[in-house]
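Count the sequence shown with this note's numbering and you get residues 14 to 268, in order.
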Amino acid sequence: MTWFLLAVASAALLGFYDVFKKQSLRDNAVIPVLLINTALSSLLFLPLLCASQFSWISPQSHWYVPSAPITHHLLVVGKALIVLTSWVCGYFAIKHLPLTLVGPINATRPVMTLIGALLIYHEQFNLWQWAGVLLAIISFFLLSRSGRKEGIHFLHNRYILLIVLAAVLGACSGLYDKFLLAPADRGGQGLNAIFVQSWYNYYQFALMLLIFFTLWWPTRKQTTPFHWRWSIVGISLFLTAADLFYFYALSVPGA
């Protein structure tokens, strides 16, 4: 039950995260906003990393960031690539779509994760979970009908396709997280949750620096200009808090 409450708290925080994203991206450049978001998220974990390296935190503490072999770091780089691709798609989509469409489409992500868990991990669904899958399918159909009335055609709108791709990649990330965090006797890698969360933020920031200087910076004068907004800070704060609840939920036995 604990992991369920943590997951609900994470989902609620992600709702605020979407609102701050929409506010930050309105008439604004996407790539710089995403770069600052990853930079701030990385900075939030820097004190934990330093305190762990200098033994200011006990190795028994939940907040301790352990050292790990290069193979574990490569696994985390894989997560960073999946999440960052999802974010790039999602940020461009949310800039051009109303939250009333983005929110419900993002809400189908847990259902995709459930289906992935059924196919990959052979988990068994209860009656409520099957009902949730059915409701998500019906909701997606109704969304496409209502969106058409607003002039948004799901199959012909590139931003709808981007937000759907972002949701699919987000579900893939959730399944990959389970693989990273689950103990070896359950088919996982048994990685430490704080290690994964802190280092994947650093690797995302490194990847975003590469994207920023190779794709956006050379063409910045021909594209939408960047404007600083304090809501950008809200993106990082609510996302980091949501991830803390989420990763802790995944590490709880039975999750």
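No residue lacks a Cβ here, since even glycine has one placed at the ideal position from N, Cα and C.
Residue span of the alpha helix (DSSP H) that contains Ile49, given as start and end:
As a working mapping, residue 49 is identified with position 36 in the sequence shown. For Ile49, the enclosing alpha helix (DSSP H) has its first and last residue at Val43 to Gln66.
Pair within 9 Å by beta-carbon distance, Leu26 and Tyr104
To locate residue 26, count along the sequence shown from 1; it is residue 13. To locate residue 104, count along the sequence shown from 1; it is residue 91. Not closer than 9 Å, so no.
Pairwise C-alpha distance: Val32 and Pro238
Numbered from 1 along the sequence shown, position 225 holds the residue referred to as residue 238. Numbered from 1 along the sequence shown, position 19 holds the residue referred to as residue 32. Rounded to whole angstroms, the gap between the alpha carbons of Pro238 and Val32 is 21 Å.
So, are the CB atoms of Leu110 and Ile151 less than 9 Å apart?
Your numbering for residue 110 matches position 97 in the sequence shown. Your numbering for residue 151 matches position 138 in the sequence shown. No, the Cβ-Cβ distance between Leu110 and Ile151 is not below 9 Å.
Span separating the alpha-carbon of Leu193 from that of Val21
In the sequence shown, residue 193 corresponds to position 180, counting from 1. In the sequence shown, residue 21 corresponds to position 8, counting from 1. Answer to the nearest angstrom: the Cα atoms are 21 Å apart.
Taking the C-alpha atoms as reference points, what is the distance between Leu252 and Tyr30?
Position 239 of the sequence shown, counted from the start, is the residue given in the question as residue 252. Position 17 of the sequence shown, counted from the start, is the residue given in the question as residue 30. Spanning the two alpha carbons is a distance of roughly 6 Å.
Would you mind working out which of Ile95, Val78, Gln210 and Gln202 sits nearest Gly183, comparing C-alpha positions?
Position 170 of the sequence shown holds residue 183. In this structure, Ile95 is the residue among Ile95, Val78, Gln210 and Gln202 with its C-alpha nearest to the C-alpha of Gly183.
Mapping DSSP to helix, strand and coil, what is Gly201?
If you number the sequence shown from 1, residue 201 lands on position 188. Reduced to three states, the DSSP call for Gly201 is coil.
What is the rounded straight-line gap between the Cα of Ser37 and the Cα of His169?
Taking the first residue of the sequence shown as 1, we reach residue 37 at position 24. Taking the first residue of the sequence shown as 1, we reach residue 169 at position 156. Between Ser37 and His169, the C-alpha separation is close to 26 Å.
DSSP three-state label for Phe239, please.
As a first step, residue 239 is located in the sequence shown; it is residue number 226 there, counting from the start. Looking at Phe239 - three-state DSSP - the assignment turns out to be coil, as it is neither helix nor strand.
Take Gly187 and list the residues in its own chain whose beta-carbon comes closer than 7 Å to its own, dropping the five residues that flank it on each side.
Looking up residue 187 in the sequence shown gives position 174. If we look at Gly187 and ignore the five residues flanking it on each side, its Cβ neighbours are Thr126.
Report yes if the C-beta distance between Tyr172 and Ala106 is below 9 Å; otherwise report no.
Here residue 172 refers to the residue found at position 159 when the sequence shown is read from its first residue. Here residue 106 refers to the residue found at position 93 when the sequence shown is read from its first residue. At a Cβ-Cβ threshold of 9 Å, Tyr172 and Ala106 count as neighbours.
For Pro196 and Tyr261, I'd like the C-alpha separation in whole angstroms.
Stepping through the sequence shown from its first residue, residue 196 is reached at position 183. Stepping through the sequence shown from its first residue, residue 261 is reached at position 248. Between Pro196 and Tyr261, the C-alpha separation is close to 14 Å.
Could you tell me whether the region 39–54 touches the region 231–245, where touching means 3 or more Cβ pairs closer than 8 Å?
The way I'd put it, the region 39–54 does touch the region 231–245; three or more beta-carbon pairs between them come closer than 8 Å.
Three-state secondary structure assigned by DSSP to Asn139:
The residue labelled residue 139 in the question sits at position 126 within the sequence shown. In the structure shown, Asn139 adopts coil according to DSSP, grouped into three states.
How many angstroms separate the CA atom of Ala120 from the CA atom of Lys92?
Translated into the one-based positions of the sequence shown, residue 120 becomes position 107. Translated into the one-based positions of the sequence shown, residue 92 becomes position 79. Each residue's alpha carbon lies about 21 Å from the other.
Under 9 Å, do Val78 and Leu56 count as touching if we go by C-beta distance?
Numbered from 1 along the sequence shown, position 65 holds the residue referred to as residue 78. Numbered from 1 along the sequence shown, position 43 holds the residue referred to as residue 56. No. Outside cutoff.
Hey, would you say Ile118 sits closer than 9 Å to Ala180, going by beta carbons?
By one-based count along the sequence shown, residue 118 stands at place 105. By one-based count along the sequence shown, residue 180 stands at place 167. Yes, the Cβ-Cβ distance between Ile118 and Ala180 is below 9 Å.
Excluding sequence positions up to five away, which residues of its chain have a Cβ less than 8 Å from the Cβ of Leu112?
One-based indexing of the sequence shown puts residue 112 at position 99. So the qualifying residues of the chain are Asp31, Val32 and Lys35.
Residue nearest to Pro82 in terms of C-alpha spacing, selected from Ile128, Leu228 and Phe208
Against the sequence shown, residue 82 aligns to sequence position 69. The candidate whose alpha carbon is nearest that of Pro82 is Phe208.
Element boundaries [alpha helix (DSSP H), containing Val209]:
Residue mapping note: residue 209 aligns to position 196 of the sequence shown, counting from 1. Here the alpha helix (DSSP H) through Val209 covers Ala206 to Ile224.
Through-space distance from Pro123 to Ala144, alpha-carbon basis:
Indexing the sequence shown from 1 puts residue 144 at position 131. Indexing the sequence shown from 1 puts residue 123 at position 110. The straight-line gap from Cα to Cα measures roughly 13 Å.
Status (buried if at least 16 other CB within 10 Å, exposed otherwise) for Asp190
By 1-based counting over the sequence shown, the position of residue 190 is 177. Buried.
Candidates Ser244, Tyr216, Gln73 and Leu140, of which the one nearest Lys87 by Cα:
Working through the sequence shown from its first residue, we reach residue 87 at position 74. A small correction: the amino acid at residue 87 is Leu; Lys does not occupy that position in the sequence shown. When C-alpha distances from Leu87 are compared across Ser244, Tyr216, Gln73 and Leu140, the shortest belongs to Tyr216.
Going by DSSP, what residue range makes up the alpha helix (DSSP H) through Ser186?
As a position in the sequence shown, residue 186 is number 173, starting the count at 1. Note, Ser186: alpha helix (DSSP H), Arg171 to Leu194.
Could you pull the start and end residues of the alpha helix (DSSP H) that Ser99 belongs to?
As a position in the sequence shown, residue 99 is number 86, starting the count at 1. Ile83 to His109 is the span of the alpha helix (DSSP H), which, as asked, contains Ser99.
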